[in-house]
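Residue numbering for the sequence shown follows numbering that gives the first Met the number 0, starting at 0 and increasing by one per position. Step one of this worksheet: look at the structure below.
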Amino acid sequence: MSRFSRNALTVLKKRYLLRDNKGKIVETPDQLLKRVAKTVAKSETEKKQFYEVMRNLEFLPNSPTLMNAGTDIGQLSACFVIPIHDSLESIFEAVKDMALIQQSGGGTGFSFSRLRPKGDVVKTTHGVASGPVSFMHVFDETTEIIKQGGKRRGANMGILSVNHLDILEFITSKRAGEVLRNFNISVAVTDEFMKAVRKNKKIDLINPRTKKKVRRISAKKIFDLIVDSAWRTGDPGLIFIDQINRRHSLRPLGKIEATNPCGEQPLLPYESCNLGSINLARMIKNGGLDWKKLKETARIAVHFLDNVLDVNKYPLPHIEKITKANRKIGLGVMGFAEMLIRLGIRYDTKEALELAQKVMRVIQAEGHQASIELGKKRGSFPNFIKSVWRKKRYPAMRNATVTTIAPTGSISLIAGCTSGIEPLFSLAFTKEVLGGVRLIQKYKPSRVTVTTFKIKPEWHVRMQAAFQKYTDNAVSKTINLPAKAARRDVREAFLLAHKLKCKGITVYRYGSKPKQVLYTEDSGEPCCEI
């Protein structure tokens, strides 16, 4: 009997199973898993282990690995960051790089903070600069064209420093309806800025070309505009850039300025990362968590993800060079809410927060140990000597980072579980996948079943922080708010996320976007994309 649900089979047929030149499906779901296991494994033992954890839906890698392993494309990574410097050549080189990455199924993140502001001088033409936001539209339109023929939506993260002279235009750039549809946008806020917000102080806005302070402005004015825009449209989110760089394992290589599209993977310029997630709903035995199975699965998953780095076909040579120099991987979880329900625990409780920390602490510890053992066996990542692991006197480390909490929007459908660490969206909801196919998900009510809009924002943020405590990279989670939520709720969520040392935060107020991926069945209104 198939382990895949009807929804899983629909998604697999629509996007994942191989087709011939005439568009006819030429493999079964089981053959897909065998194709992936065979491509990634370095031995027969590994091939069997990899196949079994995927067949049992205990672990799945990110979508590009499922789609492209064993094919001519062969690009298996989900996350990329491309640098943009203040020149026309650099901007359009980044557009080209983005197109090649998205064509192969990857998502791209950018910091536009180095670009000169709108109205600034352009010496070569004696004209004036159009500013970062105008160039974002070039990236957006390119993504729109690329995604029309793809299996996977093109996606971008656009980040701008809170001290950039064009920050106000950036914050409101998505208010005008269907613009920058292929971008999530986030403001890179500093601790200094957040302190200024709390103390109602002013900050400097800087021209990145000259590095000169041009204007003083109330931090509260900027923050209130961010809050208002997020309340209206779901954008921008916040990236707590100082916290990201404090926890950066390779500081001598430079500061991190950008993340992947969903914010869970901070990366250096031209770095890529491949992700995978353990299905916690499959880690239950005799009414409790099977800790032994969880540990074993984490170790197998680390081996899998490390192997991917070697068999991957990289879209650009400089991406391959830095990715293999740092060997970052991102192991996370999905099915967390379903696990809680099966264990009889409400999502918005202290017990759930404590279990979240314990689960992630175990995955982190086992993942790190597996990476140490791989480092001893295969060699540490080349930049190990420059890393925090060397300073901590680790004997070896195969990967600069090991853990990441991704949203798992598609692979959770294949696994038949709730996405990432999100609570149950609704007892009945519709998810729209690429090509307009709508999938209906239904769950039975119980005394511990609590859905996302019934959970106070504080609990959403605290759950994100609980997972972040034992995660090398970052955590992707949407702080879902009911339609009646006030701007005050957004403000408090942002402040709490910074206080609890999250690396970023995204909010979404029900019904605030004209088109989205998730819809509640009873209303048909759009809701947040996870």
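All residues carry an ideal CB built from backbone N, CA and C; glycine is no exception. Bear in mind that the values here come from a model prediction, so they are computed numbers and not experimental data.
- Shown here, residue 236 sits in a strand according to DSSP, grouped into three states.
- Residue 461 sits close to residue 352, with the two beta carbons spaced by under 8 Å.
- Straight across, the Cα-Cα distance linking residue 98 with residue 493 is about 33 Å.
- Secondary structure note for residue 508: its beta strand (DSSP E) is the uninterrupted segment 503-508.
- Of the other Cβ atoms in all chains shown, fewer than 16 fall within 10 Å of the Cβ of residue 317; this residue is therefore exposed.
- Between the region 227-241 and the region 185-194, the count of C-beta pairs closer than 8 Å reaches three or more; the two stretches touch.
- Of all alpha-carbon atoms in 91, 306, 464, 26, the one lying nearest the alpha-carbon of residue 138 is that of 91.
- Distance check between residue 311 and each of 70, 111, 387 places 70 closest, using alpha-carbon atoms only.
- Taken atom to atom, the span from the alpha-carbon of residue 196 to that of residue 256 is near 22 Å.
- The beta carbon of residue 323 sits closer than 7 Å to those of 308, all from its chain and outside the five residues before and after it, given in chain order.
- Cβ atoms of residue 403 and residue 473 come within 8 Å of each other, at about 7 Å.
- Residue 16 carries a coil assignment under DSSP once its states are collapsed to helix, strand and coil.
- Leaving aside the five residues that flank residue 132 on each side, the residues in its chain whose CB is nearer than 7 Å to its CB run, in chain order, 165, 168, 169, 172.
- The C-alpha of residue 269 lies about 12 Å from the C-alpha of residue 253.
- For residue 106, the closest C-alpha among the options 126, 49, 87, 79 is that of 79.
- Between residue 506 and residue 233, the CB-CB gap stays under 8 Å.
- Under the 8 Å Cβ criterion, the region 283-298 does not count as touching the region 374-393, having fewer than three qualifying pairs.
- Annotation for residue 60: the continuous beta strand (DSSP E) segment containing it runs 58-60.
- Each residue's CA atom was taken as its position, placing residue 267 and residue 455 some 35 Å apart.
- Annotated as proximal: residue 7 and residue 415, with beta-carbon spacing under 8 Å.
- When DSSP states are grouped into helix, strand and coil, residue 396 belongs to the coil group.
- The region 165-199 is shown to contain whole alpha helix (DSSP H) runs of 4 or more residues at 166-170, 190-198, in chain order.
- DSSP, reduced to helix, strand and coil, places residue 257 within a strand of the structure shown.
- The beta carbon of residue 410 sits closer than 6 Å to those of 59, all from its chain and outside the five residues before and after it, given in chain order.
- The shortest CA-to-CA distance from residue 94 to any of 121, 155, 391, 217 is the one to 155.
- Counting along the chain, residue 11 sits inside no beta strand (DSSP E), nor does DSSP assign it H or E at all.
- Take residue 335, set aside five residues on each side of it, and the residues of its chain with a beta-carbon closer than 6 Å to its own are 279, 420, in chain order.
- In the DSSP assignment, residue 79 is bridged to 107, 271.
- Contact annotation: residue 301 and residue 228 have beta-carbon atoms that are not nearer than 8 Å.
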